[in-house]
Structures are given as structure tokens and as C-alpha cells.
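Inspection log for the structure reproduced underneath, given as C-alpha cells.
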Amino acid sequence: MRLLERMRKEWFMIGIVLAIAGAKLEPSIGVNGGPLKPEITVSYIAVATIFFNSGLSLKTEELTSALVHIKLHLFIQIFTLAFFPAAVWLFLQLLSITPINEWLLKGLQTVGCMPPPVSSAVILTKAVGGNEAAAIFNSAFGSFLGIVVTPLLLLLFLGSSSSVPFTSIFSQLFMTVVVPLIIGQIVRRYIKDWLERKQPPFGAVSSSVLLMIIYTTFCDTFSNPSIDLDKFGLLLVLFIICSIQLSFMLLTFIFSTRNPNAEDRVRRPRVPLFNIRPLAHLPPGADPPGKRARANNKVLDGVKAEGSEIDEANRITKEAVVPQPCIYVQDCTYSSEDLYL
Numbered sequence: 188m189r190l191l192e193r194m195r196k197e198w199f200m201i202g203i204v205l206a207i208a209g210a211k212l213e214p215s216i217g218v219n220g221g222p223l224k225p226e227i228t229v230s231y232i233a234v235a236t237i238f239f240n241s242g243l244s245l246k247t248e249e250l251t252s253a254l255v256h257i258k259l260h261l262f263i264q265i266f267t268l269a270f271f272p273a274a275v276w277l278f279l280q281l282l283s284i285t286p287i288n289e290w291l292l293k294g295l296q297t298v299g300c301m302p303p304p305v306s307s308a309v310i311l312t313k314a315v316g317g318n319e320a321a322a323i324f325n326s327a328f329g330s331f332l333g334i335v336v337t338p339l340l341l342l343l344f345l346g347s348s349s350s351v352p353f354t355s356i357f358s359q360l361f362m363t364v365v366v367p368l369i370i371g372q373i374v375r376r377y378i379k380d381w382l383e384r385k386q387p388p389f390g391a392v393s394s395s396v397l398l399m400i401i402y403t404t405f406c407d408t409f410s411n412p413s414i415d416l417d418k419f420g421l422l423l424v425l426f427i428i429c430s431i432q433l434s435f436m437l438l439t440f441i442f443s444t445r446n447p448n449a450e451d452r453v454r455r456p457r458v459p460l461f462n463i464r465p466l467a468h469l470p471p472g473a474d475p476p477g478k479r480a481r482a483n484n485k486v487l488d489g490v491k492a493e494g495s496e497i498d499e500a501n502r503i504t505k506e507a508v509v510p511q512p513c514i515y516v517q518d519c520t521y522s523s524e525d526l527y528l
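Heads up: the sequence shown begins at 188 in the working numbering, then just goes up one per residue.
In C-alpha cells, the structure reads:
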């Protein structure tokens, strides 16, 4: 019974394994030009479905508020398009003295220069309860930046130049990411009450679409007859990829949690509760006019509050008589600046 519950909970991971195994057994089904027509169903319909689904599930205010997280966007784009490619290049310089296939190392560097993934980044962020709106913006914005930045990175680290069909890639990204997202937001306005009442499984739908993308990707890989790599090299590269992934996930977590102004953190008060509670216990009229309100606002604003101001607030509290246990918070105004998000 526990095994079945565990399988239902981890159905997506099991689905990834089954998708790769199915692609290995019969790759001809999902290759370009095959029965599934991934050049249409995946490149356009599947990606558009994911972002239409996100447009339906996200509140408009969540999307608009995500646009003003400038520091968050700068961190993600610099980490993805500058720090990560440079770190991978340094790591591969060490691996170049090993007997690992040279083309595998070049492939790792090429992947390291790619922009953030469009579909999987949004779905996996949603799956772990992250900021889906910020993931959507940075996936789309990073993909548009990648049209220009990625060729420059490849030229810098690999010394190879490439021509990019800027117009076609730009139009494809616009039609499969921006337009479906906008349409999803428009449709949400008309069926908002129904969505809140029924709560459709948006996450499961997007994850299922991602499994289709994974399946067709591996079908195309396994059907390539020019791939001739030894199993040891493949296993070693798999280990390297997992190690890099875990290391940079940990590094990203450390960077994000050390930023006290990051708006994608778990909510917690700016200042210790013992500084707020005495003010909250004051009954109306127990303090000189205006002092409690001024002190209360300064204490709630943990960044600007000074020790003398907190001491003054606590002194006012000690002088007041509080016979009742109730808490008065009607004059305490919380805003997004007073909390870590």
C-alpha cells in the first residue's frame, strides 16, 4: 500500500524513466517526421499548451508583480548566461586531461552556454512550489537573450561561430510563449470563479506534456546512427552532469537565502516578535498622542528602526496598564516591504 502511494506521489519521476525506456525500445515513433510529428506537436503545440496552462493558473497580479523583481531577474540571467558557462569551462579544463571523449566535453560546454529552458523550468518550478511567475518571465526573457548571447559564448569558449535564424526563432518564441500566456490570462478572466471552485490539476497537465517532450527528444537521440560512445564515457558524463546540477543547485540556494531582500523566500517577520508584541498589546489611549503610532511604524520597518526608538516603544509599553490579554493590531499595517517573500 505504501509502495502504491509512493508511486502515485512520484509519478513524474517514474514517467521520465518510462519515457526514456520507451524511446530506447522504439525511437521511430517520436522522431522528426514520425507518427507523432514532434516538429509540430512538440515544438509548437506542447510548448504553447504549457504556457497557456500557466496563463490560466496564475493570477494577473502575480504576473505583474513578478515583472518588478529586478534583482531576481538580474541574478538569474547573470548566473545562467555568464557565471554558469564560465564555471563549466573551468571545470572542463580539468577534465580535458582525462581520457573522456573530447566531443562529450564540447557537448557539455555547449549545453552550459544555452539559455534557461522554456518548458521544464516553468514546470519544475511550479512542482516544488516556487515562484512560477518569475520562472515564466526569466525563461522567456532568457530565451530571447540567448538568441544573441549563446552564439557569442560558443565563439568565446569553443572558438566556433554559428549563424542564428534570429527572425524565425524570435517569432517561434513569441507565438509559443508570449501569445499563449496572454490568451490564458484573457480566458481566466471569464472563468475565474469556475477555476477557483474546481481547481483543475494544472501541474499534472503541464508535467504530462513535459513527459511527451522528453520522450520525443530521446527518440531523436536514440535514432541517430552516428552516436558511437562507450558505456563508460556515457556513465561518467552522466555522473558529471548530476554532480554539476547538484552543486549549482546548492550554490543557487545559498546565494538566494543569503539575500535579505529577496522576494522569493519563506515569509518571516523583519524584526523579532518581542519588539512588535509590546506595541500590539497597548490598549487605545494608553500612550501619549502620536508616539505609539510613530514608534509602531518604525519598529515594523525593521531596516530603519534604531535601538533608541525600540527602547522608547518598549518604555511606553511598560508604563501602560494592560489588564486584558487581547492584542490590538488595528493600527499595525503590514505591507510587502515588511515581510520576506
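Here a beta-carbon is modelled for each residue, glycine too, at the ideal position from N, C-alpha and C.
- Three or more beta-carbon pairs drawn from the segment 300–307 and the segment 226–245 are found closer than 8 angstroms, and the two stretches are therefore classed as touching.
- Distance from the Cα of Gly317 is smallest, within the candidate group Val424, Leu425 and Gly390, for Gly390.
- Taking 7 angstroms as the cut-off, the Cβ atoms of Ala210 and Phe405 count as close.
- In this structure, Ala327 keeps its C-beta atom at 7 angstroms or more from the C-beta atom of Glu249.
- Counting C-beta pairs closer than 8 angstroms gives fewer than three between the segment 252–263 and the segment 430–438, which falls short of the contact rule.
- Within its own chain, the residues whose Cβ lies closer than 6 angstroms to the Cβ of Lys313, once the five positions on either side in sequence are excluded, are Glu319 and Gly390, listed in chain order.
- Arg376 and Gly242 have their C-alpha atoms some 10 angstroms from each other.
- In the three-state DSSP reduction, Asn318 falls in the coil class, being neither helix nor strand.
- For Glu248, the secondary structure class from DSSP, reduced to helix, strand or coil, is helix.
- For Leu382, the closest of Thr228, Leu245 and Met194 by C-alpha to C-alpha distance is Leu245.
- The C-alpha of Leu279 lies about 20 angstroms from the C-alpha of Ile265.
- If you check the CB distance, Thr403 and Gly217 come in under 7 angstroms.
- Between the beta-carbon of Ile401 and that of Ala208 there is about 11 angstroms, and that puts the pair past the 8 angstroms contact cut.
- Contact between Pro272 and Leu340 holds: their C-beta atoms lie close to 5 angstroms from each other, under 8 angstroms.
- Beta-carbon to beta-carbon, Phe331 and Phe353 are separated by about 10 angstroms, too far to satisfy the 8 angstroms threshold.
- Residue burial annotation: Gly299 is buried, with at least 16 other C-beta atoms found within 10 angstroms of its C-beta.
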